[in-house]
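Working notes for the structure below.
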Amino acid sequence: MQYLIPIAFLFATLAPAVSVLDDSALVQAAAHVHDGSLGSKAEDTAVLEEEAEEELAHGNLTKYGDFLNLTVRPVYGPEFSFSFRSAMRLQVLMHALSAKLGLQLSSTTFTHSGRELDPKSTASAFGIQDKAVIEVSTPTLAAEAAAAKEKAAREAAQLERRRAVQEEEDRKEAVRSEKRRRVAKRVAKVAAEQKRKHNIELKDAISLKFINPNGGENVIMAIKRDNWMDGYLELVAKRLGIDRSKTRFLFKDDENALTEIEPHDSVKTLGLQDEEEIVVKVSHKQ
């Protein structure tokens, strides 16, 4: 146990130069080193004692190199920053991080760029530079990470199923809504037609459809049964944009032959029926 004091002196001597380090973690790291939890050989301990003696004698803190701002990334849990010296042995870093994370060093793996840290090496010798990432893993952390990943996958799958169910429900509702719209449109159309016929009946009239000779929109007009057709035919010609003097209006008589409507004819005298079609012919003779 004679080497306990030199190791303690080593960390005490470094304290002014590494004030940004996690002091609590370093103290715990020193205690672990003292207990021999690294499993270091006797010659490794002797080297540390010799370095400590030289440090106390000459106060040469620069031998531990430059400060390194490291990012520590556990396989599960938030990452954090940790300061270290480029020429310090990595065993100190490993102990300090184990203490800070509350992990057992014997079951903890430390890696940098996919390489497991060598506790006997220094940060610079191992290729660890400023802003490097140190990854920390244990079977427990790996299991927790796997469990968290599995839970996230389950939640994502559940969310996707709920989304799919909602999309299907929205689709069905859209179909139902379209059906309701079509039914409402048909009902409204039927109601409007019934209202129109009722109004026409109240006026003792019928509705005639005049076929557009130019293939455009037809003209539907309500005509009273006893009124002469002349005035209506003038109005129809005007709506169709044709010359009344060159136009003949024809209906099918009892023998199903096309017969021209005369100005003084009426719905009653011609025996026309509601919604009957009237053929419109325009003469193109000069």
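Read in order, the letters of the sequence shown are residues -19 to -1, 1 to 267 in mature numbering (1 follows the signal peptide of the UniProt record, and there is no 0). Glycine residues also receive a C-beta, built at the ideal position from the N, C-alpha and C atoms. Just so it is clear, the structure is predicted and the values come from calculations on it, not from any experiment.
Original post:
Using a Cβ-Cβ cut-off of 6 angstroms (strictly less than) and excluding sequence neighbours within five positions of His245, which residues of its own chain qualify?
Top reply: Cβ within range, chain order: Trp209.
Original post:
Are the beta-carbon atoms belonging to Asp47 and Ser67 less than 7 angstroms from one another?
Top reply: Contact check for Asp47 against Ser67 passes: the beta carbons are separated by less than 7 angstroms.
**OP:** With a cut-off of 8 angstroms on the beta carbons, I'd call Ile259 and Phe191 a contact; round off their distance for me.
**Re:** Confirmed, Cβ separation roughly 5 angstroms.
Original post:
By Cβ distance, which residues of its chain are closer than 8 angstroms to Lys184, with the 5 residues on each side in sequence left out?
Top reply: The answer, listed in chain order, is Ala203 and Lys205.
Original post:
Between the region 118 to 125 and the region 53 to 67, do at least 3 Cβ pairs fall closer than 8 angstroms?
Top reply: Yes: the two stretches touch, three or more of their Cβ pairs being nearer than 8 angstroms.
Subject >> Distance between Phe232 and Asp211 (C-alpha atoms, nearest Å) >> reply: Taking the Cα positions, Asp211 is about 15 angstroms away from Phe232.
Original post:
Unbroken alpha helix (DSSP H) runs of length 4 or more, entirely within the region 116 to 187: which are they?
Top reply: List check, alpha helix (DSSP H) in window: 120 to 183.
**OP:** Specify the secondary structure class of Met202 as computed by DSSP and reduced to three states.
**Re:** Strand, per DSSP.
Original post:
In chain order, which alpha helix (DSSP H) runs of at least 4 residues are fully inside the region 52 to 87?
Top reply: Runs found: 71 to 82.
Original post:
Under a three-way DSSP split, which group does Ala215 fall into?
Top reply: According to the sequence provided, residue 215 is Glu. The question's Ala does not apply to it. In the structure shown, Glu215 sits in a helix (DSSP, three-state: H, G or I).
Original post:
So Ile187 and Leu253 are in contact, right, with Cβ under 8 angstroms, and what is the actual spacing, rounded?
Top reply: The pair is a contact, with the Cβ atoms about 7 angstroms apart (cut-off 8 angstroms).
**OP:** For the beta strand (DSSP E) holding Thr228, just list the boundary residues, first then last.
**Re:** Thr228 to Lys233 is the extent of the beta strand (DSSP E) around Thr228.
Original post:
Excluding five sequence neighbours on each side, which residues of the same chain lie with their C-beta closer than 7 angstroms to the C-beta of Val53?
Top reply: Cβ within range, chain order: Glu60, Phe61, Phe63, Leu78, Ile115 and Val117.
Original post:
Roughly how many whole angstroms lie between the Cα atoms of Leu140 and Ala124?
Top reply: Cα to Cα, Leu140 sits roughly 24 angstroms from Ala124.
Subject >> Residue closest to Arg229, alpha-carbon to alpha-carbon, out of Val164, His265 and Ala169 >> reply: With distances taken between Cα atoms, Arg229 lies closest to His265.
Subject >> Straight-line Cα distance separating Leu189 from Glu256 >> reply: If you take the alpha carbons of Glu256 and Leu189, they lie about 5 angstroms apart.
**OP:** Using the Cα positions of Arg163 and Val171, report the straight-line distance between them to the nearest angstrom.
**Re:** The straight-line gap separating the alpha-carbon atoms of Arg163 and Val171 is approximately 12 angstroms.
**OP:** With a 10 Å radius around its C-beta and 16 neighbouring C-beta atoms as the bar for buried, classify Arg96 as buried or exposed.
**Re:** Looking at its Cβ environment, which holds fewer than 16 other Cβ atoms inside 10 Å, Arg96 is exposed.
Original post:
Buried or exposed: where does Val156 fall if 16 or more other Cβ atoms within 10 Å of its Cβ makes it buried?
Top reply: Result: exposed.
Subject >> Leu253 in three-state terms, based on DSSP >> reply: Leu253: coil per DSSP, three-state reduction.
Subject >> Per-residue burial, Thr250 [other beta carbons within 10 Å of its own, 16 or more giving buried] >> reply: Exposed.
**OP:** Following the continuous beta strand (DSSP E) through His265, name the residue where it begins and the one where it ends.
**Re:** In the DSSP assignment, His265 falls outside any beta strand (DSSP E) and carries neither an H nor an E.
Original post:
Using the C-alpha atoms, what's the distance from Lys160 back to Glu150?
Top reply: Their Cα atoms are separated by approximately 15 angstroms.
Original post:
Taking the Cβ atom as the reference point for each residue, do Met75 and Phe91 lie within a distance shorter than 7 angstroms?
Top reply: In this structure, Phe91 lies closer than 7 angstroms to Met75 by Cβ.
**OP:** Within the same chain, show all residues whose beta-carbon is closer than 6 angstroms to that of Val263, passing over the 5 residues directly before and after it, in chain order.
**Re:** A distance below 6 angstroms between beta-carbons, with the five flanking residues on each side excluded, links Val263 to the following residues of its chain, in chain order: Pro194, Ile223, Lys227 and Thr228.
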